[in-house]
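Under my numbering, residues 85 to 489 are what the sequence shown spells out, in order. Glycine is no exception: its CB is placed at the ideal position from the N, C-alpha and C atoms. Quantities reported herein were computed from a predicted structural model and do not represent experimental measurements.
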Amino acid sequence: MDYKVKNVYGKIRKDKVNVAVPGSKSITARALLLAALADGESVLHGVQFSDDCATFLNCLETLGINCSVRTDAVTVEGCGGRPERKSARLNVGSAGTAARFIPAFLAFCEGEYFLDCSDQMKARPAAPLISALKSVGAKFSFYGNNNSYPFTVRGASNPNTKVEVDISQSSQFLSALLISCVCAGKPFEITVKGDHGLDYVSMTVEMMKSFGGDVSVSDGTYRVCGGYAAREYFIEPDASAACYFYAMNKILSTRVRVNGLPARSLQGDVKFIELLENFDGGKIDMGGFSDQALTLAAIAPYLSTPTEICGVAHIRRQECDRIRAIAVNLNAMGVRCQERADGVIIYPSQPKPAVIETFGDHRVAMSFALTGLRADGIVIKNAEVCSKTFKNYFEVMDKLLIDLT
C-alpha cells in the first residue's frame with residue numbers, strides 16, 4: 085500500500101498528547117532467547133509481536149521450545165540450553181536478530197540444523213559470526229556463498245571456551261555469543277576485535293544478569309559463566325519506535341509523549357531523544373544509535389543549519405543501503421544532500437512533493453513519513469514494510485494527527 089502523509093504544519097490545536105508504542109524489539113528477542121535457555125517457566129510481559137519477533141518465536145517453537153502467547157505476554161518453557169529437537173529446518177526471514185542469535189545458540193547444541201533466510205537477509209553480513217562459531221567448534225555446510233545463508237550447522241559437542249569475534253560490522257555478533265555461550269557448561273571468554281557502538285551489548289549484559297547470568301568484562305574480553313534461571317520479566321516500550329514521535333515534536337513544536345518509556349532505559353536509542361532537545365543542525369556521530377540516522381535525516385531539512393551525520397558506514401549493509409536511501413529520497417524532494425562514505429550532509433530547505441522509495445526497509449518508511457508532516461505531497465511507497473517492527477505505525481500516526489489537529 086502507499087500512504088499519503090498529511091501536512092499538519094500550522095494546524096495543531098492540541099499539542100500535548102500521549103501515544104503507545106510496541107514493546108522493544110531488541111529486548112523482546114533477547115528475553116525470548118534468555119527464557120528459552122533458562123531452567124523453568126518464564127513469563128515475558130510487553131512482548132513486541134512484529135514480523136521479526138514472530139519469526140523469532142517460530143524458530144524457538146520449531147526447536148521444540150514451548151511458547152504460549154497471550155495478548156501482550158509470552159510464557160516460555162525453558163530448555164536449560166538443550167532443545168528437545170536435535171534436527172530442524174528453520175527460516176529466520178529478514179529478522180536480523182534471529183539470523184544472528186539462533187545460529188549462535190545452535191552452535192552449542194548437539195544436533196544438526198538447516199537455516200535459511202530471505203534474499204534481503206542474505207545480503208547482510210554473517211561471516212564474522214560464523215567464523216567465531218567455527219572457532220567454538222561448530223561445523224557448517226553452505227548451500228550458496230561461503231560463510232553465508234543458507235547453511236547447516238552442527239553444534240560443538242565439546243566447545244572451545246576462548247574465542248574472538250569481529251564486531252566491526254555488527255555488535256549483534258557479540259551479543260549472540262554472549263547469550264548462548266552459557267550452553268558450553270563451563271566458563272567462557274570472548275575477546276572483541278574491531279570497533280562498534282556497544283550500547284546494545286550493554287543491554288545484552290544487563291539482561292543476562294537479570295536472568296542470573298554471571299558476566300564481566302575487562303580490556304575487551306568478556307567472561308561468562310553459570311546459567312539462567314526462569315523469571316517474570318517486563319519489556320520496555322520500544323525506544324526506536326518512540327523516537328519517531330519525539331522527532332515529530334522537534335518539527336511541529338508538539339509535546340507528544342510515549343507511554344511507559346523509562347528515563348533510565350536499557351535502549352541506546354534514548355540518546356537520540358536527548359539529542360533532540362537542543363540539536364538544531366551541526367555534525368553528529370550517530371554510531372552509537374545508528375537506527376535513528378534515517379529519523380534525523382528526515383527532519384534535517386527543517387533545522388536551522390546544515391546537519392552532518394557521520395560514523396554510520398555500517399548502515400549501508402542493513403535492510404537496504406540506508407545512506408543511499410537517505411540521499412535518493414531527499415534528492416527526490418529537492419533537498420540538497422551530499423552522500424559520504426559514512427554518512428550524509430543535509431542542507432535546510434522546504435521539501436517538494438515526492439514519492440518515497442522505501443527499498444523494502446521499515447525505517448525508511450517510518451522516518452520519511454515525518455518529513456511529510458511539514459510538506460505537501462509526500463507519499464510513502466509500500467508503507468506496509470513497517471510491519472517488520474511496528475505493524476500499526478501508520479494507524480497510530482493517523483489517530484495521533486487527528487488528536488493533535
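Query raised in the report: Looking only at DSSP bridge pairs, what is Ile274 linked to?
Result: BP columns for Ile274 point to Val247, Tyr306.
Requested in this report: Give the DSSP bridge partners of Gln422, in chain order.
Outcome: Beta-bridge partners of Gln422 (DSSP): Ile429.
Query raised in the report: Which residue or residues does DSSP assign as beta-bridge partners of Lys223?
Result: According to DSSP, residue pairing for Lys223 in a beta bridge involves Arg238.
Query raised in the report: Could you give the residue range of the beta strand (DSSP E) that holds Cys394?
Result: For Cys394, the enclosing beta strand (DSSP E) stretches over residues 391-394.
Query raised in the report: Since Ala377 contacts Arg406 with CB under 8 Å, what's their CB separation in whole angstroms?
Result: At roughly 7 Å, the Cβ-Cβ gap stays under 8 Å, so Ala377 and Arg406 are in contact.
Requested in this report: Indicate whether the contact test is met: 3 or more Cβ pairs, each with one atom in the region 231-246 and one in the region 187-201, closer than 8 Å.
Outcome: Three or more Cβ pairs closer than 8 Å define a contact, and the region 231-246 meets that threshold against the region 187-201.
Requested in this report: Check the DSSP bridge columns for Asp445 and list the partner residues they point to.
Outcome: Note: Asp445 sits in no beta bridge, so no partner.
Query raised in the report: When we look at the beta-carbon of Asp203 and count the other beta-carbons within 10 Å, is it buried (16 or more) or exposed?
Result: Classification for Asp203: exposed.
Query raised in the report: By Cβ distance below 6 Å, which residues in the same chain neighbour Leu116 in space, the five residues on each side in sequence not counted?
Result: Only Phe140 meet the Cβ criterion.
Report task. Give me the Cβ distance between Arg401 and Arg208, rounded to the nearest whole Å; I'm assuming they're in contact under 8 Å. Result -> With a contact defined as Cβ atoms closer than 8 Å, Arg401 and Arg208 qualify at about 6 Å.
**Report entry** Val158, enclosing beta strand (DSSP E) - first and last residue
**Finding:** Looking at the DSSP string, the run of the beta strand (DSSP E) that includes Val158 is 157-161.
**Report entry** Which of helix, strand or coil DSSP assigns to Val469
**Finding:** Taken through DSSP and simplified to helix, strand or coil, Val469 comes out as helix.
**Report entry** Beta-bridge pairing of His129 - partner residues as DSSP gives them
**Finding:** DSSP, once it has assigned bridges, lists Ala157, Phe318 as partnering His129.
Query raised in the report: What whole-angstrom Cβ distance do Leu360 and Ile111 have, given they're in contact under 8 Å?
Result: About 22 Å separates the CB atoms of Leu360 and Ile111; that is not less than 8 Å, and the two are not in contact.
Requested in this report: Return helix, strand or coil for Lys100, following the three-state DSSP convention.
Outcome: Reduced to three states, the DSSP call for Lys100 is coil.
**Report entry** With 16 other Cβ atoms within 10 Å as the buried cut-off, status of Asn415
**Finding:** Under this definition Asn415 is an exposed residue.
Query raised in the report: Per DSSP, what kind of secondary structure is Glu145 in: helix, strand or coil?
Result: Glu145 falls in the helix class under three-state DSSP.
**Report entry** Rounded straight-line distance, which links the Cα of Ser286 to that of Glu358
**Finding:** One Cα belongs to Glu358, the other to Ser286, and the distance between them is close to 19 Å.
Query raised in the report: So Gly366 is in the beta strand (DSSP E); what residue range does that whole segment cover?
Result: Note, Gly366: beta strand (DSSP E), 366-369.
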